[in-house]
Amino acid sequence: MNFALSIQGSPYDSACHWSALRFAEAVLEAGHSIHRIFFYHDAVLIGSNLQAPPQDEVDLTRSWQALSSQHHLDLCLCIASCLRRGIINQTEATRFEKPTENLHIGFTITGLGQLIEAALVTERLVTFRG
Amino acid sequence: MTDLMVIFSQRPHSSIHAQEALDAALAGTAFAEVSLLFLGDGVLQLLYKPIDATPQHRKAFQRGFAALTDYEITNIACCADAFNRFRLPEQKLIIQPTLLTPSDISHRITHSRQILSF
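Structure follows, in structure tokens:
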């Protein structure tokens, strides 16, 4: 079965990223595929390369990146959610005249259309809220 | 064309979800035939509010409802129970929805190809 995931909760204020990560691992282990993982609302904070969680806690950004590298997953961040929360790539930093970009490698800033397209081409869209 | 239902269940200015539901509905028309369903507190989004009555910290996004027909979104439905509970005056509605019973709602949800709920 082909899945899409929509993750909406804040990375470290809720369990939704952890739940989604475990779900994604289980889906892939069971031989299914994941078309796209879309981060929406506060979930886009996962894409900041400025986060430094304590060393004895799970680094969720790196966990997503590792899973993505291993399985060639598409990690998409909603652009409107990103711009509101200060997650920007070089293009947006230039456009909005910001001093730096802070998008973590492995993540892509995209439009909401990517969530809708994923919802329509997959058999299941699973949403994780905070 | 594939169908996509967008569910509005939040009050207009209590969170950003109501605004983002409208954004998703409009963006969705590029991919699918979009229908809207207003449930629970979300029916309050149907009520017209003058711009000066919009909370100052919130964008008056509800003006975007006027563009629904331009995006060919005409299938707009609402929970009849919620509609009646809030006693929404029909002359003050931004858009006129079709009122649905719980079994109608269940049927529509069951037969939708995909649903985005806000």
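In the order they appear, the protein sequences are chains C and D. Using the working numbering, you'd call the opening residue of the first sequence number 27 and step up by one each time. Using the working numbering, you'd call the opening residue of the second sequence number -3 and step up by one each time. Idealized CB from N, CA, C, for every residue including glycine.
Neighbour flag for residue i against chain C, beta carbons, 7 angstroms
i         : result
D:Lys(-2) : Residue -2 of chain D is actually Thr in this sequence, not Lys. Chain C contact via Cβ: present.
D:Gln6    : no
D:Gln110  : yes
Nonlocal neighbours in the same chain, by C-beta distance under 6 angstroms from residue i, ignoring five residues either side
i        : result
D:Arg54  : His9
D:Tyr67  : Leu22 and Thr25
D:Ser31  : Met1 and Asn71
D:Gly60  : Leu18
C:Thr134 : Cys102
C:Pro37  : His43, Leu71, Ile72 and Leu86
D:Ala14  : Gln6, Pro8 and Gln41
C:Leu76  : Asn128
C:His130 : Gly73, Asn75 and Thr87
C:Phe154 : Ile33, Cys42, Ser45 and Ala46
Chain D within 7 angstroms of residue i, Cβ atoms only
i        : result
C:Ile142 : yes
7 angstroms Cβ shell around residue i - same chain, five flanking residues per side excluded
i        : result
D:Ile111 : Met1, Ile3 and Ile105
C:Val240 : The requested residue 240 of chain C does not occur in the structure, where chain C is confined to residues 27 to 156.
D:Ala76  : Leu95, Leu96 and Thr97
C:Leu54  : Ile60 and His97
C:Ala119 : Thr126 and Glu127
Residue range of the beta strand (DSSP E) that includes residue i
i         : result
D:Asn71   : Asn71 to Cys75
C:Val152  : Arg150 to Phe154
D:His13   : Here D:His13 belongs to no beta strand (DSSP E); instead the alpha helix (DSSP H) covers His13 to Gly24.
D:Asp(-1) : Asp(-1) to Phe4
C:Ala30   : Asn28 to Ile33
D:Val30   : Glu29 to Phe34
D:Phe61   : Counting along the chain, D:Phe61 falls outside any beta strand (DSSP E), and DSSP gives it neither H nor E.
C:Phe64   : Ser59 to Phe65
Residue i, enclosing alpha helix (DSSP H) - first and last residue
i        : result
D:Thr106 : Pro98 to Thr106
C:Val53  : Cys42 to Glu55
C:Ser89  : Leu86 to His97
D:Ile111 : Premise fails: D:Ile111 lies in the beta strand (DSSP E), Gln110 to Ser113, not in any alpha helix (DSSP H).
C:Leu141 : Gly139 to Val147
Chain-order list of residues whose beta-carbon lies under 8 angstroms from that of residue i (same chain, five-residue window excluded)
i       : result
C:Glu51 : Leu93
Residue i CB to nearest heavy atom of the ligand SAH below 6 angstroms
i        : result
C:Thr126 : Among the ligands in the structure shown, none appear at all, so the ligand SAH cannot be discussed.
Item to check | Positions along the stretch 123 to 156 of chain C whose CB lies within less than 8 angstroms of some CB in chain D | outcome: So the list reads Gly137, Leu138, Gly139, Leu141, Ile142, Glu143, Ala145, Leu146, Leu151 and Thr153, given in the order they occur along the chain.
Next on the checklist: Any C-beta of chain C within less than 7 angstroms: which residues of the stretch 10 to 35 of chain D qualify?
Outcome noted: Correct list: Asp19, Ala20, Ala23, Gly24, Ala26, Phe27 and Ala28.
Item to check | Those runs of the alpha helix (DSSP H) which lie wholly inside the stretch 102 to 133 of chain C and span at least 4 residues | outcome: Those alpha helix (DSSP H) runs which fall completely within the stretch 102 to 133 of chain C and span 4+ residues are 105 to 111 and 116 to 121.
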